[in-house]
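Comments concern the structure below.
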Amino acid sequence: MYTASHATTQAYREVLKPWKITYPQYLAMIVLAAGERTVGDLGDELGLDSGTLSPLLRRLEQRSLVTRRRDEADERVVRVALTEEGTAVHAEVIAAAGCLVPAFVDSGRSRADLLAQLGAITENMRALAADLRAAA
398 MYTASHATTQ
408 AYREVLKPWK
418 ITYPQYLAMI
428 VLAAGERTVG
438 DLGDELGLDS
448 GTLSPLLRRL
458 EQRSLVTRRR
468 DEADERVVRV
478 ALTEEGTAVH
488 AEVIAAAGCL
498 VPAFVDSGRS
508 RADLLAQLGA
518 ITENMRALAA
528 DLRAAA
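For what it's worth, this note's numbering labels the leading residue of the sequence shown as 398, then goes sequentially.
Okay, structure coming up:
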């Protein structure tokens, strides 16, 4: 799994080079393309802690690809969203990344199977890690 993950990251790195976006930044943009999130929710969806996510978002914000703002109802909460430029870059990157899809699967059916298997592995590993933490 490590080898497949590493190879996938390398392939995405090549695709993302023209936009000077890292793979984790790309993943954040994919989530944000679905709509505004709190930083906490974004971190949960990506499996990233605030120490990793904050610098990632700061770099995207410096490039005018995302905005961060304090929640009006609770100033402790920070909301993040794609800007117009971020939305445009996201669309370009998604189109370019389409060349990677055939490397993952060879048909719609196997794509669904792969996603289901990866989802199950992820949940199983998260549960196992939680159990191991609790036992320590």
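Idealized CB from N, CA, C, for every residue including glycine.
Terminal residues of the beta strand (DSSP E) in which residue i lies
i	result
V477	475 to 479
V463	463 to 467
Residue interval of the alpha helix (DSSP H) (run including residue i)
i	result
T419	Counting along the chain, T419 falls outside any alpha helix (DSSP H), and DSSP gives it neither H nor E.
L453	447 to 459
E411	399 to 413
V436	436 to 443
A500	498 to 501
Whole-number beta carbon distance between residue j and residue i, since they are thought to touch under 8 Å
i	j	result
V436	V477	6 Å
T400	Y420	Between Y420 and T400 the Cβ distance is about 16 Å, and since that is not below 8 Å, they are no contact.
V490	L413	7 Å
Q422	L445	Contact doesn't hold; Cβ gap of about 11 Å is too wide.
V486	W416	6 Å
Cα-Cα separation, residue i to residue j
i	j	result
R455	M522	30 Å
S507	V475	38 Å
L429	T519	21 Å
A524	A517	11 Å
A368	R410	Nothing about residue 368 can be reported from this structure: the residues present for the chain run from 398 to 533 only.
L443	L515	14 Å
A470	M426	25 Å
Beta-carbon gap between residue i and residue j smaller than 9 Å
i	j	result
V463	T449	no
S461	G483	yes
R465	E472	no
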